[in-house]
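In our numbering, the protein residues as written are -6 to 210.
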């Protein structure tokens, strides 16, 4: 399947905005393949940490990115607070982003399982990875709402992180993601902004489907 034949839906936004949950549901709804691109950077950061290295070590991060095997990603390990922080650091490195970019574009152009399209969520899908995506959403929410969501997620996995600390982490991560030189997080000019601060999952999903159906019609 050529890239032109694949219908691509780009879902961008900051951490804990709800974009991952939304993207997964959209992929099921349209029977498209799904890729959580943030998990790739989390896996790179986690690999560096697991080897006893520092995520700030660009050579170590690049080596981890080049050796990344998506079939061996430990989903539990990459969802830790530490892996999330490491992901934000390695994702700011141009060489790491370049190493991951090819995989993302190939996934979008040739969705696995013979799917007719793909839903990718991340921070630069609509601006850099797939600027020609058929539909683009930038999903956001207030830092406080996002911190509470992440706190509930971490609490459920046994983490003792405080909600106040998570708010600080989220603000720091937003700043790093928005100010980085390589592919800064920002809405694509033609993306639809969807604020989920006061929306239930069902309401956010309904709004997203309406936006995407209109874009694809």
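Heads up, the beta-carbon is just placed ideally off N, CA and C, and yes, glycines get one too.
### Query
In three-state DSSP terms, what is residue 46?
One-based indexing of the chain shown puts residue 46 at position 53. Correct three-state label for residue 46: coil.
### Query
Using the C-alpha atoms, what's the distance from residue 27 back to residue 117?
Counted from its first residue, the chain shown places residue 117 at position 124. Counted from its first residue, the chain shown places residue 27 at position 34. Rounded to whole angstroms, residue 117 to residue 27 spans 16 Å at the Cα level.
### Query
So what's residue 71 in DSSP terms, helix, strand or just coil?
On the chain shown, position 78 is the one that residue 71 refers to. DSSP places residue 71 in helix when its eight states are reduced to three.
### Task
Look at residue 71 and residue 128 and say whether their C-beta atoms are less than 8 Å apart.
The count along the chain shown starts at 1 and reaches residue 71 at position 78. The count along the chain shown starts at 1 and reaches residue 128 at position 135. At least 8 Å separates the beta-carbon of residue 71 from that of residue 128.
### Message
For a test of the three-state rule: what should DSSP assign to residue 66, helix, strand or coil?
### Response
Start at 1 with the first residue of the chain shown, and residue 66 comes out as number 73. Residue 66 falls in the coil class under three-state DSSP.
### Query
Can the beta-carbon of residue 154 be found less than 8 Å from the beta-carbon of residue 74?
Locating residue 154 in the chain shown gives position 161, counting from the first residue. Locating residue 74 in the chain shown gives position 81, counting from the first residue. Contact check for residue 154 against residue 74 passes: the beta carbons are separated by less than 8 Å.
### Task
State the Cα-Cα distance for the pair residue 47 and residue 189, rounded to the nearest angstrom.
Stepping through the chain shown from its first residue, residue 47 is reached at position 54. Stepping through the chain shown from its first residue, residue 189 is reached at position 196. Cα-Cα distance, rounded: 34 Å.
### Query
Should residue 32 go down as buried or exposed, given a rule of 16 or more other Cβ atoms within 10 Å for buried?
Looking up residue 32 in the chain shown gives position 39. Buried, because 16 or more other Cβ atoms sit within 10 Å of the Cβ of residue 32.
### Message
Rounded to the nearest angstrom, what separates residue 8 and residue 158 at their Cα positions?
### Response
Numbered from its first residue, the chain shown carries residue 8 at position 15. Numbered from its first residue, the chain shown carries residue 158 at position 165. Computed Cα separation, rounded: 15 Å.
### Query
When you compare each of 0, 95, 180 and 79 to residue 59 by their alpha carbons, which one comes out closest?
Counting from 1 along the chain shown, the entry for residue 59 is found at position 66. The residue with the shortest Cα to Cα distance from residue 59 is 95.
### Query
Residues bridged to residue 129 by DSSP?
Looking up residue 129 in the chain shown gives position 136. In DSSP, residue 129 forms a bridge with 3.
### Query
Along the chain, which unbroken stretches of the alpha helix (DSSP H) at least 4 residues long are found entirely within the region 81 to 132?
87 to 102
#### Entry: Neighbour-count burial assignment, residue 49, 16 or more Cβ in a 10 Å radius
Within the chain shown, residue 49 is the residue found at index 56, counting from 1. Exposed, because fewer than 16 other Cβ atoms sit within 10 Å of the Cβ of residue 49.
### Task
Might you give, ordered along the chain, the residues of its own chain that have their beta carbon closer than 6 Å to the beta carbon of residue 25, omitting 5 neighbours on each side?
As a working note, residue 25 is residue 32 in the chain shown. Taken in chain order, the residues that qualify are 108, 110, 111 and 112.
#### Entry: CA-to-CA distance, residue 99 to residue 212, given in whole angstroms
Because the chain spans -6 through 210 in this model, residue 212 falls outside it and cannot be assessed.
### Pick from 15, 30, 23 and 200 that is closest to residue 121, judged by C-alpha positions
Here residue 121 is taken as the residue at index 128 of the chain shown, counted from 1. Taking the Cα of residue 121 as reference, the smallest distance to any Cα among 15, 30, 23 and 200 is reached at 30.
### Task
Name, in chain order, the residues that DSSP records as bridge partners for residue 34.
Within the chain shown, the letter at position 41 stands for residue 34. In the DSSP output, where bridge partners are listed per residue, residue 34 has none listed.
### Task
Figure out for me which residue from 57, 140, 209 and 61 has the closest Cα to the Cα of residue 162.
As a first step, residue 162 must be located in the chain shown, where it is residue number 169. For the residues 57, 140, 209 and 61, the minimum Cα distance to residue 162 belongs to 140.
### Secondary structure of residue 193, DSSP reduced to three states
Residue 193 sits at position 200 when you count from the first residue of the chain shown. In the structure shown, residue 193 sits in coil (DSSP, three-state: anything other than H, G, I, E or B).
### Task
Give a yes or no on contact between the region 186 to 203 and the region 164 to 171, applying the rule of three or more CB pairs nearer than 8 Å.
no
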